[in-house]
Each structure stands twice: as C-alpha cells, then as structure tokens.
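This report concerns only the one structure given below.
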Amino acid sequence: MGNKRLTLKTIKNRDAIHPYSRKAQQLTRVYQRKEKMARKEQQKSVNPIGDRWLWFRYAFDEEKKAATMKDMHELIKLYLA
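Number 90 in our numbering belongs to position 21 of the sequence shown; there are no gaps in the numbering.
Structure below.
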C-alpha cells in the first residue's frame, strides 16, 4: 500500500471533498491514526512497572548498600498494604 497519506499536511484541498471520496477516506485514516498514536503515548506515560520500581527505590533506605531478605519482605508487605 504505497503512497499512503499519514499526516494532514500531505492531503491537499481537504476543505471541499465529497463525503465518500478517496480523500475523505484518507482523512478518516489520518484522524484514526492520530487517535491511535495519542492512545499509545498515553499508555506509555502510565507505566505500572516503572512506578513500582520507583516506589521500591525510594522506599529502600539509601544508607544501606544491600538489602537482606527480611528487608525485602518488609518492603513487599508495605507495598501490598
């Protein structure tokens, strides 16, 4: 499917188009793509794994060099509570 129009800039004379024309179909594809890209960007910004990692990083005492199993179990219980 070569020559696909992916942005509004590439579609010329988009003001006066017939509702069922090829140009109208191109415009609907462009708008659907914009919405899809916005949804993907929003999903990237809400990252539960990254949030979880940051929570553990800041909850752990920075003075300690390494965590023991007991410390990790306490942090996990605190996180799940």
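For each residue, glycine too, the CB sits at the ideal point set by N, CA and C.
* To do: Have a look at P117 and A107 and give me their C-alpha separation to the nearest angstrom.
  => Answer to the nearest angstrom: the Cα atoms are 18 angstroms apart.
*Those runs of the alpha helix (DSSP H) which lie wholly inside the stretch 89-127 and span at least 4 residues*: DSSP runs (the alpha helix (DSSP H)) wholly in the stretch 89-127: 91-114.
Cβ-based neighbour list, K92, same chain, cut-off 6 angstroms, excluding 5 preceding and 5 following:
If we look at K92 and ignore the five residues flanking it on each side, its Cβ neighbours are I86.
task: Inspect the beta-carbon positions of L149 and A128 and report whether they are closer than 9 angstroms.
output: No, the Cβ-Cβ distance between L149 and A128 is not below 9 angstroms.
- prompt: In chain order, what residues of the same chain lie with their CB nearer than 8 angstroms to the CB of A136, ignoring the 5 residues before and after it?
  reply: Closer than 8 angstroms at Cβ, skipping near neighbours: F129, L144.
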